Amino acid sequence: MNARRPAPLNTGELVGIAELHDLSFSHQAAPLLRLLSQEADLIPDLRRPRPWLAQRDGQAVLDSLLEQEWTGFLAHLGRVGPWVYAPTVHGLQRLSAGYTWLTLQVQGHDLSGCEPASLLGRLWSDGRWGEGRRGGSVLTEGAQPVNREWAGQNVAATPQQAELDFWTLAQTLAAQQRREWAAR
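In this note's numbering, the protein residues as written are 309 to 492.
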């Protein structure tokens with residue numbers, strides 16, 4: 309008899325853009341924040357790659373994004389991923405691709421030994437990820453060895469490195485847009 313193997317993580321539920329909002333004017337911020345009021349991670353996720361944003365409430369953060377990066381798209385990546393902001397479709401595509409890559413890299417690792425503060429070690433079953441969440445780790449339960457023929461040799465050294473790569477990309481894109489908009 310074959311030993312029962314756990315079902316592989318459903319990557320289709322983790323990647324892509326689950327929710328998208330166009331933020332073109334400052335007056336759209338308040339209604340958008342009301343709509344997303346249950347998303348406790350929205351503002352922390354937007355601030356994480358933007359260390360230059362002061363501690364502010366949601367309205368101030370969205371206003372700062374419009375002032376510093378111009379109009380753009382607020383998106384929730386995957387069913388359990390972070391909220392991101394990108395002023396262009398190309399930027400949003402890069403963040404989505406970066407998150408997809410991160411998700412695929414994590415599947416090749418046992419996450420049970422992740423540091424508690426690690427973003428990927430805290431992808432919880434309530435469908436969100438990040439600091440301070442409680443529950444069982446979806447990735448820890450579903451992580452499977454990567455099919456090497458399918459993945460090639462592009463498996464990250466650690467889940468923590470894959471996480472760092474994603475947030476570095478997010479910070480680089482935000483800083484670049486901020487500089488370009490300030491130069492105009």
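Just so you know, even glycine gets a beta-carbon here, dropped at the ideal spot from N, CA and C.
Bear in mind the structure is a predicted one, so any value in this text is a computation, not a measurement.
Inter-residue CB distance, R486 and E347 (contact presumed, cutoff 8 angstroms): For the purposes of this step, residue 486 is taken as residue 178 along the sequence shown, with counting starting at 1. For the purposes of this step, residue 347 is taken as residue 39 along the sequence shown, with counting starting at 1. Contact between R486 and E347 does not hold, since their C-beta atoms are separated by about 23 angstroms, which reaches or exceeds 8 angstroms.
Report buried or exposed for T480, applying the criterion of at least 16 other Cβ atoms within 10 angstroms of its Cβ. As a first step, residue 480 must be located in the sequence shown, where it is residue number 172. Only exposed fits T480, as fewer than 16 other CB atoms lie within 10 angstroms of its CB.
Buried or exposed by the 16-neighbour rule on C-beta atoms within 10 Å, applied to L328: Taking the first residue of the sequence shown as 1, we reach residue 328 at position 20. Counting Cβ neighbours within 10 Å, L328 comes out exposed, since fewer than 16 surround it.
Buried or exposed: L343, going by 16 or more other Cβ atoms within 10 Å of its Cβ? On the sequence shown, residue 343 is found 35 positions in, with the first residue counted as 1. Around the CB of L343, fewer than 16 other CB atoms lie within 10 Å, so the residue is classed as exposed.
Would you mind giving the Cβ-Cβ distance between V414 and P467, rounded to the nearest angstrom? I have them listed as a contact below 8 angstroms. Residue mapping note: residue 414 aligns to position 106 of the sequence shown, counting from 1. Residue mapping note: residue 467 aligns to position 159 of the sequence shown, counting from 1. Indeed, because the Cβ distance is near 5 angstroms, the residues count as touching under 8 angstroms.
Per DSSP, what kind of secondary structure is V414 in: helix, strand or coil? Taking the first residue of the sequence shown as 1, we reach residue 414 at position 106. Helix, per DSSP.
C-alpha distance - W475 paired with L374, whole-angstrom precision: In the sequence shown, residue 475 corresponds to position 167, counting from 1. In the sequence shown, residue 374 corresponds to position 66, counting from 1. Cα-Cα distance, rounded: 20 angstroms.
If I measure Cβ to Cβ from L361 and keep anything under 7 angstroms in the same chain, skipping five residues before and after, which residues do I get? Residue mapping note: residue 361 aligns to position 53 of the sequence shown, counting from 1. So the list reads R355, V369, S372, once near-sequence residues are dropped.
Nearest-angstrom Cα distance between G324 and A478? Along the sequence shown, one-based indexing puts residue 324 at 16. Along the sequence shown, one-based indexing puts residue 478 at 170. C-alpha separation (whole angstroms): 16 angstroms.
Do E471 and L400 have their C-beta atoms closer together than 8 angstroms? Mapped onto the sequence shown, residue 471 falls at position 163. Mapped onto the sequence shown, residue 400 falls at position 92. Not in contact: E471 and L400 (Cβ atoms no closer than 8 angstroms).
Please name the residue or residues paired with L472 in a DSSP beta bridge. The residue you call residue 472 lines up with position 164 of the sequence shown. Beta-bridge partners assigned by DSSP to L472: none are found.
Using 8 angstroms as the threshold, is the C-beta distance between V407 and L382 below it? Working through the sequence shown from its first residue, we reach residue 407 at position 99. Working through the sequence shown from its first residue, we reach residue 382 at position 74. A quick correction: the sequence has Tyr, not Val, at residue 407. Contact: no.
Per DSSP, what kind of secondary structure is E423 in: helix, strand or coil? One-based indexing of the sequence shown puts residue 423 at position 115. The predicted model places E423 with a pLDDT of 44, which falls under 50 and marks its position as unreliable; any figure quoted below should be read in that light. Judged by DSSP in its simplified three-state form, E423 adopts coil rather than helix or strand.
I'd like to confirm the pairing. Which residues does DSSP put opposite A394 in its beta bridges? The sequence position of residue 394 within the sequence shown is 86, counting from 1. Note: A394 sits in a beta bridge opposite F381.
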